[in-house]
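Undergrad: The following block contains the structure, expressed as structure tokens.
In my numbering, the protein residues as written are 1 to 620.
So this is what it looks like as structure tokens:
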């Protein structure tokens with residue numbers, strides 16, 4: 001790496017993020033006129049060391065945030081343009097589409113940084129910018145007044161992609177992707193050995209469940225015993241079973257765990273390596289279409305393909321082998337087991353996309369089963385599409401309720417494509433209703449912070465506001481002599497609370513991963529901050545829910561939640577919560593409102609699994 005050693009001037013600006021660890025932090029303000037941070041981790045570091053600094057988003061306005069979200073959704077569909085030729089295809093599958101979700105998440109942060117940097121340069125045209133390598137890659141296309149931070153001042157902070165591996169319902173570990181795959185292979189082999197094998201030749205149609213969690217979808221696994229169809233579980237991202245409970249469910253069901261034969265996996269890996277070289281050469285040709293790509297990648301009338309190109313090339317280079325192998329694995333699964341129906345929970349994952357597209361080729365029926373509550377505002381339609389929530393590729397959509405059906409219809413989906421079946425996960429919760437504990441003095445706070453699939457998810461200010469709101473809730477609840485448990489959203493892209501937060505509330509239990517049902521059953525009151533499907537689960541077992549409006553929920557919360565929860569601003573929370581705790585009639589009224597909403601909106605509570613498996617096999 002080239003190190004430029006110019007003498008620093010009064011106008012030297014330091015631009016940093018968490019890709020590096022800064023040394024000699026205490027002297028930074030003496031060396032630089034201004035310091036600007038570009039992510040939460042670097043902001044926290046400087047703040048804790050009392051280093052004066054700006055935050056990059058301070059140079060953006062609210063309109064910029066909205067523009068970034070809408071443009072990213074459009075730009076992440078770049079691969080679908082007509083002028084893009086066969087270079088992007090393998091086995092009839094557009095490789096660009098498989099990477100659209102990952103590309104969208106990358107693009108959000110990229111455009112935030114790009115726009116922030118442009119505005120910083122415009123405001124300080126005479127400054128010299130000393131920056132970390134990642135920012136330098138963007139900035140060197142915008143100005144010549146820059147340098148890479150001297151290596152004497154930092155060391156690399158190597159960040160590897162982490163995945164969650166569940167050990168028990170309450171214990172999970174975050175590990176590297178390579179180690180995750182090693183653990184998954186071992187786990188899947190053991191699962192295959194211990195799970196009941198069905199060698200009986202059955203002429204009935206075959207059902208394939210893709211990336212299903214045996215615990216969350218326990219009712220489907222249990223109901224499989226009542227059907228003569230062979231049902232296979234095809235999990236490539238998640239383990240087939242990850243703890244004793246999930247293994248037991250699988251063992252007692254008639255669902256057959258599918259593992260790719262070792263020799264076939266090796267063959268696909270070898271073939272994949274050969275094809276990777278060919279495809280990357282073809283992609284090089286594709287990326288030479290500079291004019292078309294330059295015309296497409298524009299934001300606020302600014303072209304940025306020259307900035308984006310190396311990042312997109314790197315993404316393809318890193319992912320292409322994995323994609324080819326997964327396409328071959330999925331094709332082998334289809335040819336070997338010949339499923340009549342493929343059922344997925346999302347159209348966003350790589351495994352799901354591959355199988356849905358191969359299904360068209362092999363004339364296999366496909367079903368998208370709703371897996372979470374839907375954002376039903378008009379503004380959320382395009383976002384829902386980008387998140388794989390709507391049935392764009394699937395032949396059928398199995399909806400939870402009338403609200404969900406109405407939401408999907410707003411995306412121009414045909415009525416004939418939608419069937420209301422209920423929710424297997426809600427059934428699972430409903431069947432545990434009698435195990436719900438009363439008068440426990442426990443309060444469960446469900447928190448969902450700013451989402452990194454949206455621009456707001458990278459906002460330092462929004463995260464700090466969110467954490468301050470959580471602090472207020474903690475103080476109010478504990479003042480009532482109640483035990484508070486915080487259940488964070490399990491998304492690995494969501495930040496953890498700061499060290500200061502943990503020091504301030506050492507007695508509050510904070511759980512990020514694991515089964516939420518046990519927590520719901522043990523709690524007397526439920527508080528929700530940020531949109532969460534778990535609110536509905538709490539209502540099914542008749543827990544009173546207070547939902548606090550959060551500014552980072554840019555698309556609002558579902559209407560059925562608005563109609564069934566006690567909705568509160570944080571300013572009114574203490575008054576509402578005290579009334580909930582002290583007034584049993586008030587608490588009961590909230591429960592009754594929720595019951596009424598569930599009764600009006602939900603069908604088939606308790607037996608949706610049977611309906612789903614029957615509907616799956618219909619020939620319509």
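Glycine is no exception: its CB is placed at the ideal position from the N, C-alpha and C atoms.
Remember, predicted model here, so these are calculated numbers, not experimental data.
1) Closest to residue 474 by CA distance: which of 610, 442, 493 and 38 is it?
2) So for residue 518, helix, strand or coil by DSSP?
3) Are residue 250 and residue 257 touching if we call contact CB-CB under 8 angstroms?
4) According to DSSP, simplified to helix, strand and coil, what is residue 33?
5) Between the alpha carbons of residue 219 and residue 413, how many angstroms are there, rounded?
6) What does the alpha-carbon distance come out to for the pair residue 623 and residue 509?
7) How far does the alpha helix (DSSP H) with residue 134 in it reach, from first residue to last?
8) Can you give the Cα-Cα distance for residue 550 and residue 277, rounded to whole angstroms?
9) Going by DSSP, name the residue or residues bridged to residue 54.
10) Which of the three DSSP states is assigned to residue 288 in this structure?
11) Apart from the five residues just before and just after residue 168, which ones in its own chain have a Cβ nearer than 7 angstroms to its Cβ?
12) Looking at the strands, I want to know which residues DSSP matches up with residue 206.
13) Could you give the C-beta distance for residue 237 and residue 269, rounded to a whole number, given that I count them as a contact under 8 angstroms?
14) Who are the Cβ neighbours of residue 463 in its own chain at under 7 angstroms, not counting the five residues just before and after it?
15) Cβ atoms of residue 354 and residue 327: under 8 angstroms apart, would you say?
16) Roughly how many angstroms separate the alpha carbons of residue 279 and residue 383, rounded to a whole number?
17) Under the rule that 16 or more other beta-carbon atoms within 10 Å means buried, what is residue 27, buried or exposed?
18) Among 308, 568, 281 and 369, which has the Cα closest to the Cα of residue 352?
19) Determine the DSSP secondary structure at residue 77, reduced to helix, strand or coil.
20) Please specify which runs of the alpha helix (DSSP H), each continuous and at least 4 residues long, are wholly inside the region 288 to 312, giving them in chain order.
21) Comparing alpha-carbon positions, which option in 33, 349, 447 and 542 lies nearest residue 426?
22) Determine, using beta carbons only, whether residue 101 and residue 348 come nearer to each other than 8 angstroms.
23) Count Cβ pairs between the region 472 to 489 and the region 569 to 577 that sit closer than 8 angstroms; are there 3 or more?
24) Mark residue 285 as exposed unless 16 or more other C-beta atoms lie within 10 angstroms of its C-beta, in which case mark it buried.
25) Grouping DSSP H, G and I as helix and E and B as strand, with all else coil, what is residue 383?
26) Residue 139 and residue 131 - do their beta-carbons sit closer together than 8 angstroms?
27) Based on the DSSP output, what are the partners of residue 147 in its beta bridges?
28) Are the beta-carbon atoms of residue 391 and residue 208 separated by less than 8 angstroms?
29) Report the rounded CA-to-CA distance for residue 307 versus residue 107, giving the unit in angstroms.
30) Checking 8 angstroms against the spacing of the C-beta atoms, do residue 367 and residue 611 come in under that value?
31) Mind reading off the beta-carbon distance from residue 447 to residue 480? Whole number of angstroms is fine, and I expect it under 8 angstroms.
32) On the three-pair Cβ rule with 8 angstroms, is the region 110 to 117 touching the region 60 to 77?
33) Runs of 3 residues minimum, wholly inside the region 356 to 439: which ones carry the beta strand (DSSP E) assignment?
34) Whole angstroms are fine: how far does the CA of residue 419 sit from the CA of residue 399?
35) Could you say which of 389, 379 and 394 lies nearest to residue 363 if we only look at CA atoms?
36) Looking at residue 578 and the ligand SAM, is the gap between the Cβ and the nearest heavy atom below 7 angstroms?
TA: Judging by the given coordinates:
1) Comparing Cα positions, the closest option is 442.
2) Of the three classes helix, strand and coil, the one that applies to residue 518 here is helix, per DSSP.
3) Cβ distance < 8 angstroms, so residue 250 and residue 257 count as in contact.
4) Shown here, residue 33 sits in coil according to DSSP, grouped into three states, outside any helix or strand.
5) Taking the straight line joining both Cα atoms gives about 28 angstroms.
6) Summary: the structure shown does not reach residue 623, with the chain confined to residues 1 through 620, and so no result is reported for it.
7) Looking at the DSSP string, the run of the alpha helix (DSSP H) that includes residue 134 is 133 to 139.
8) Using only the alpha carbons, I get a separation of about 48 angstroms.
9) DSSP lists 36 as partners of residue 54.
10) Three-state result, residue 288: coil.
11) With a pLDDT of 45 at residue 168, under the threshold of 50, the modelled position of that residue is not reliable, and the figure given next carries that caveat. 243, listed in sequence order.
12) DSSP links residue 206 through a beta bridge to 230.
13) About 17 angstroms; that fails the 8 angstroms criterion.
14) Correct list, in chain order: 40, 449, 450 and 495.
15) For the pair residue 327 and residue 354, the CB atoms are nearer than the 8 angstroms cut-off.
16) Rounded to the nearest angstrom, the two C-alpha atoms are 31 angstroms apart.
17) Residue environment: residue 27 is assigned as exposed (fewer than 16 neighbouring CB atoms within 10 Å of its CB, all protein chains considered).
18) The shortest Cα separation from residue 352 among 308, 568, 281 and 369 belongs to 369.
19) Correct three-state label for residue 77: coil.
20) Every alpha helix (DSSP H) of 4 residues or more that sits fully in the region 288 to 312 is shown, in chain order, as 290 to 296.
21) Checking every option, the nearest Cα to that of residue 426 belongs to 542.
22) It is a contact, given that the beta carbons lie within the stated cut-off.
23) By the criterion of at least three beta-carbon pairs nearer than 8 angstroms, the region 472 to 489 is in contact with the region 569 to 577.
24) Counting of Cβ neighbours within 10 angstroms places residue 285 among the exposed residues, the total staying below 16.
25) In the three-state scheme derived from DSSP, where H, G and I count as helix and E and B as strand, residue 383 is classed as helix.
26) Contact: yes.
27) Paired residue(s): 130.
28) In this structure, residue 391 keeps its C-beta atom at 8 angstroms or more from the C-beta atom of residue 208.
29) Distance between the alpha carbons of residue 307 and residue 107: 11 angstroms.
30) No, these two residues do not count as a Cβ contact at 8 angstroms.
31) With a Cβ gap of about 19 angstroms, residue 447 and residue 480 do not count as contacting.
32) Counting C-beta pairs with one atom in each stretch, the region 110 to 117 and the region 60 to 77 have three or more that are closer than 8 angstroms, which means they touch.
33) Entirely contained in the region 356 to 439, the beta strand (DSSP E) runs reaching 3 residues are, in chain order, 365 to 369, 396 to 399 and 418 to 420.
34) The straight-line gap from Cα to Cα measures roughly 6 angstroms.
35) Ranking the options by Cα distance to residue 363, first place goes to 394.
36) Although the ligand SAM was asked about, the structure shown includes no ligands whatsoever.
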